[in-house]
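Each residue of the sequence shown is one higher than the last, beginning at 53 in our numbering.
Everything on this sheet refers to the single structure shown next.
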Amino acid sequence: MANSDLSCIKTATIEWRDNAPFCTEFDDFYYRSKQPFSEHGLKETDYLFIQQNNLSSRWQGLDSLPSQNKTFSIGETGFGTGLNFLTACDLWLKTAPRDWRLKFISTEIRPLSADDLQAIYASWSVFSDLSKELLEKYPILTPGVHLIELAQGRIQLILMLGDANQMLSSIAESPDSALALHQKKAIDAWFLDGFTPAKNPELWSDEIFNSIASLSAENTTFATFTCASAVRKGLSNVGFNTQKVSGFSDKRESLKGQFESQPLNTPASVTHWFLDQQPKQSERKTAIVLGAGIAGCTAASALAKRGYRVTVIDRHQTVANEGSGNLQAVVYPKLSKQNDALPRINLTAMTMASRFYKPYWDQGLGSQCGVLLLPDSEKSRTNLEQIAERYAQHKRLVTAVDNSQICHLSGLSLQAQQGLFFPQLGWLPPQAVCQQLLKEQCIPLASADIKKIHRCTDSQQWRLIDESDNAIASADILVLATAYECQQFPQTEFLSVNQLRGQVTHLPQQQAASNLKTVICGKGYIAPITNGLQSCGASYNKGVISKQTRAEDHSANLHMMQNTDPGLAEAIQYSEKDSFDGRANYRGTTNDYLPIVGPVPNAELFKQQYDALRRDATTTVDSLGNYFPNLYIHCGLGSRGLSYAPLTAELLAAEINREISPLERELRLAMHPARFLIRDLKRHKI
Ligand SMILES: Cc1cc2nc3c(=O)[nH]c(=O)nc-3n(C[C@H](O)[C@H](O)[C@H](O)COP(=O)(O)OP(=O)(O)OC[C@H]3O[C@@H](n4cnc5c(N)ncnc54)[C@H](O)[C@@H]3O)c2cc1C
Ligand SMILES: C[S@@+](CC[C@H](N)C(=O)[O-])C[C@H]1O[C@@H](n2cnc3c(N)ncnc32)[C@H](O)[C@@H]1O
Numbered sequence: 053m054a055n056s057d058l059s060c061i062k063t064a065t066i067e068w069r070d071n072a073p074f075c076t077e078f079d080d081f082y083y084r085s086k087q088p089f090s091e092h093g094l095k096e097t098d099y100l101f102i103q104q105n106n107l108s109s110r111w112q113g114l115d116s117l118p119s120q121n122k123t124f125s126i127g128e129t130g131f132g133t134g135l136n137f138l139t140a141c142d143l144w145l146k147t148a149p150r151d152w153r154l155k156f157i158s159t160e161i162r163p164l165s166a167d168d169l170q171a172i173y174a175s176w177s178v179f180s181d182l183s184k185e186l187l188e189k190y191p192i193l194t195p196g197v198h199l200i201e202l203a204q205g206r207i208q209l210i211l212m213l214g215d216a217n218q219m220l221s222s223i224a225e226s227p228d229s230a231l232a233l234h235q236k237k238a239i240d241a242w243f244l245d246g247f248t249p250a251k252n253p254e255l256w257s258d259e260i261f262n263s264i265a266s267l268s269a270e271n272t273t274f275a276t277f278t279c280a281s282a283v284r285k286g287l288s289n290v291g292f293n294t295q296k297v298s299g300f301s302d303k304r305e306s307l308k309g310q311f312e313s314q315p316l317n318t319p320a321s322v323t324h325w326f327l328d329q330q331p332k333q334s335e336r337k338t339a340i341v342l343g344a345g346i347a348g349c350t351a352a353s354a355l356a357k358r359g360y361r362v363t364v365i366d367r368h369q370t371v372a373n374e375g376s377g378n379l380q381a382v383v384y385p386k387l388s389k390q391n392d393a394l395p396r397i398n399l400t401a402m403t404m405a406s407r408f409y410k411p412y413w414d415q416g417l418g419s420q421c422g423v424l425l426l427p428d429s430e431k432s433r434t435n436l437e438q439i440a441e442r443y444a445q446h447k448r449l450v451t452a453v454d455n456s457q458i459c460h461l462s463g464l465s466l467q468a469q470q471g472l473f474f475p476q477l478g479w480l481p482p483q484a485v486c487q488q489l490l491k492e493q494c495i496p497l498a499s500a501d502i503k504k505i506h507r508c509t510d511s512q513q514w515r516l517i518d519e520s521d522n523a524i525a526s527a528d529i530l531v532l533a534t535a536y537e538c539q540q541f542p543q544t545e546f547l548s549v550n551q552l553r554g555q556v557t558h559l560p561q562q563q564a565a566s567n568l569k570t571v572i573c574g575k576g577y578i579a580p581i582t583n584g585l586q587s588c589g590a591s592y593n594k595g596v597i598s599k600q601t602r603a604e605d606h607s608a609n610l611h612m613m614q615n616t617d618p619g620l621a622e623a624i625q626y627s628e629k630d631s632f633d634g635r636a637n638y639r640g641t642t643n644d645y646l647p648i649v650g651p652v653p654n655a656e657l658f659k660q661q662y663d664a665l666r667r668d669a670t671t672t673v674d675s676l677g678n679y680f681p682n683l684y685i686h687c688g689l690g691s692r693g694l695s696y697a698p699l700t701a702e703l704l705a706a707e708i709n710r711e712i713s714p715l716e717r718e719l720r721l722a723m724h725p726a727r728f729l730i731r732d733l734k735r736h737k738i
């Protein structure tokens, strides 16, 4: 079964025994049970994992290390109650330099429910602020990766729900262990913390040890509570030295060690078009992000949080003046009964977006009013039913609702008999969000219409040239967040991003459905009224190039809403003679409906390199891809820019900063900028 199948994640069943949580499936304690907790469980974690990995002194010395990506990564095999995580976070905040980030990558196959965690944290007298923040941000327990930022971004938890081996191998750069870390900085310390090997052998398998080794490098350490000979042997077989140390309390021994040898060189079994053959540049940290829409501003913010000196450039004087310039943008849910890349990415992006925008909603920007999906055809009715069934155990994510709930949630007398409600979503004013993103990180915005980009071989920097042939700015790293206009540059001309016009209609108070309390999405969408206006949209006008609003599109938008539900038709009071204000602009869409995020391939060299795929799509080409140095792209966000951008910006920043990626490889490749070239070569299209 695929690790991301929803049915494979069940919450743990716990019992309280001797004042400590006990897992009935594995017949073992999460931590040991002597009173009081702060005298035992806490000290046990500190002794076994923190001290044996020497974290305190390593973290105090971080500033004296040579060039680094200012990220310290811990990998853990069983998240459990989060005790190890919170203990590490607490020490990190006390000892590590402020400009470093802790990246804690943990796997968990039986996550604890939020209620159980709450009960456990209530029994501790420590970490109250951290555990409260973790609980507030604790994800809906869907399989796959959940990115959670704590302590104003000083800590990032990457909680991977699924089997440890599958999850750890899925975040590697390549299935070949020799390339698993390709140009990425390794895990610095491992907390190997399954239940006891006798009761939980799957977590101590040779496969897991191989995955651990493939994400390790020379200075990587590990610590574990068990000294079982199979564990010692397994770890030393994959290249760790192991050392027995005295155990905690009444335990005789525990184990620690350091990685000594490189993982075995395995022959390439796949065509590694997605890995860059050039060594990554040194750590000079200046970046330009071209484009100040939601893609550019989220990317700039994610880079600035990692210590990059970022400048955003846009041809407008202010942020979000093109696709991202609508008054109200909906964080739109797009799920499916299928389990392929598109819905999995949408699920991860959507849950991350709801966490990412929470502080903005809390500040009063837009509203986390929930999004109500209503069927607009027989097919979509079936589709909603299948989604409801698939996500039945995740009520915090989505609930199937009947007519009375629909009326109650929407505040309108609607006739729909069924729908789906996403309580954690809502709408945002993207311009204000973009402004905040830059302001929070003190990122300057410069205005220029860029006509050319080129990399200067002397300075090894990207230079941006305007229409008068003036060099406007230069930086080590360039991120293109120019939506469909990436095609204006020769380096990214090969990307097929379509310019797709859309128009929203602004209903004034008199005509608005002013009682509407939630976003409604059917064929189109309508948001609750704000500042006397209500947005309703949006049209799709293929082949139309004009930013002038058109009466026919207003009419189409309103009909879309009326056709969604007769109750909506009644709530919106207008006549065909009325004229409306609104806004028209363009989306940048892709043919596979997925964003484009990552390094920019050199298309001409790529075609030569992977020419053999034209003759045999299944052949393995034994060479890594050819990419422009330090040139990245973040575009093609289509109709769901608000939902995608927090996730895709984070992926991009992790890639640029050489961090182990926070998303499964399969999903990353589905959004990779070079995917079109490879597909087209295989289909003889180029
Ligand atoms: C009518 C309509 C309704 C929509 N509704 C929603 C919704 O409800 N929810 C949702 O999630 N999404 C919605 N979308 C889609 C969403 O707007 C896009 O996904 C999102 O705005 C894309 O953001 P972006 O940053 O990639 O592009 P943009 O916001 O278009 O930003 C690109 C920026 O690059 C700049 N730029 C380009 N070339 C250059 C150059 N050469 N030099 C300098 N600057 C340059 C542009 O000026 C622009 O500011 C809607 C789109 C439309 C058109
Ligand atoms: C001893 S507990 C971990 C305690 C935890 N580190 C803490 O701080 O509370 C072991 C954890 O490993 C998880 N686990 C067991 N087998 C697993 C597997 N194959 N993949 C991922 N997690 C697994 C269990 O569900 C359990 O939460």
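Cβ coordinates follow ideal geometry from the N, Cα and C atoms, glycine included.
Note that the structure is a prediction, hence the values are computed from the model and not measured.
Best match in Ala-140, Pro-195, Asp-167 for proximity to Val-178 [C-alpha to C-alpha]: Ala-140
Check this for me: beta carbons of Phe-632 and Pro-653, under 9 Å apart or not? no
By a C-beta neighbour count over all protein chains shown, 10 Å radius and 16 as the cutoff for buried, is Ala-401 buried or exposed? buried
Start-to-end residues for the beta strand (DSSP E) that takes in Ala-565: Careful: Ala-565 lies outside any beta strand (DSSP E) and carries neither H nor E.
What would DSSP say about Arg-735, mapped onto helix, strand or coil? coil
How would you call Arg-358, buried or exposed, if buried means at least 16 neighbouring beta carbons within 10 angstroms? buried
The segment 634-652 / the segment 717-727 touching (three or more Cβ pairs under 8 Å): yes
Identified DSSP bridge partners for Thr-159: Met-212
Looking only at its own chain, which residues have a Cβ that is under 6 Å from the Cβ of Leu-683, when we skip the five neighbours before and after it? Leu-530, Val-652
Ser-406 Cβ short of 8 Å to ligand 1 heavy atom set: no
Taking only the alpha-carbon atoms, compute the straight-line gap between Asp-228 and Phe-156 and give it to the nearest angstrom. 23 Å
Can you find a heavy atom of ligand 1 that lies under 8 Å from the Cβ of Trp-479? yes
Would the beta-carbon of Tyr-679 be found less than 8 Å away from any heavy atom of ligand 2? no
Start-to-end residues for the beta strand (DSSP E) that takes in Glu-305: 305-311
In the DSSP assignment, what residue or residues form a beta bridge with Ala-500? In DSSP, Ala-500 forms no bridge with anything.
Buried/exposed call for Ser-306, threshold 16 Cβ in 10 Å: buried
Go through its chain and collect everything with a Cβ distance to Thr-641's Cβ below 6 Å, but skip five positions before and after it. Asn-550, Leu-552, Gly-690
Distance check for Pro-580 and Ser-566, CA to CA, integer angstroms please. 7 Å
Beta carbon of Glu-201: closer than 8 Å to some heavy atom of ligand 2? no
Between which two residues does the beta strand (DSSP E) containing Gln-555 stretch? 550-560
With a threshold of 16 other CB atoms inside 10 Å of the CB of Cys-508, please say whether the residue is buried or exposed. exposed
Looking at the structure shown, is Leu-426 part of a helix, part of a strand, or coil, going by DSSP? coil
Note down the Cα distance separating Leu-94 from Glu-128, rounded to an integer number of angstroms. 17 Å
Do you know offhand how far Asn-522's Cα is from Gln-512's? 18 Å
Inter-residue spacing [alpha-carbon to alpha-carbon] between Ile-738 and Ala-669: 13 Å
Could you check where the alpha helix (DSSP H) with Phe-137 kicks off and where it finishes? 135-147
Tell me whether Phe-261 counts as near ligand 2, meaning its Cβ is closer than 8 Å to at least one heavy atom of that ligand. no
What do you get for Ser-587, buried or exposed, if any count of 16 or more other CB atoms within 10 angstroms of its CB means buried? buried
What residues match up with Asp-633 in a beta bridge as DSSP calls it? His-558
Spatially closest choice to Arg-710 from Cys-538, Met-212, Asn-373, Ala-232, by CA coordinates: Ala-232
Candidates Thr-370, Gln-104, Leu-568: which alpha carbon is nearest Ser-298's? Gln-104
Minimum C-alpha distance to Gly-286 - residue among Gly-309, Thr-272, Phe-261: Phe-261
Through-space distance from Thr-338 to Ser-268, alpha-carbon basis: 28 Å
If we call anything under 9 Å between Cβ atoms a contact, is Ile-578 one with Lys-237? no
Between which two residues does the alpha helix (DSSP H) carrying Tyr-412 extend? 410-414
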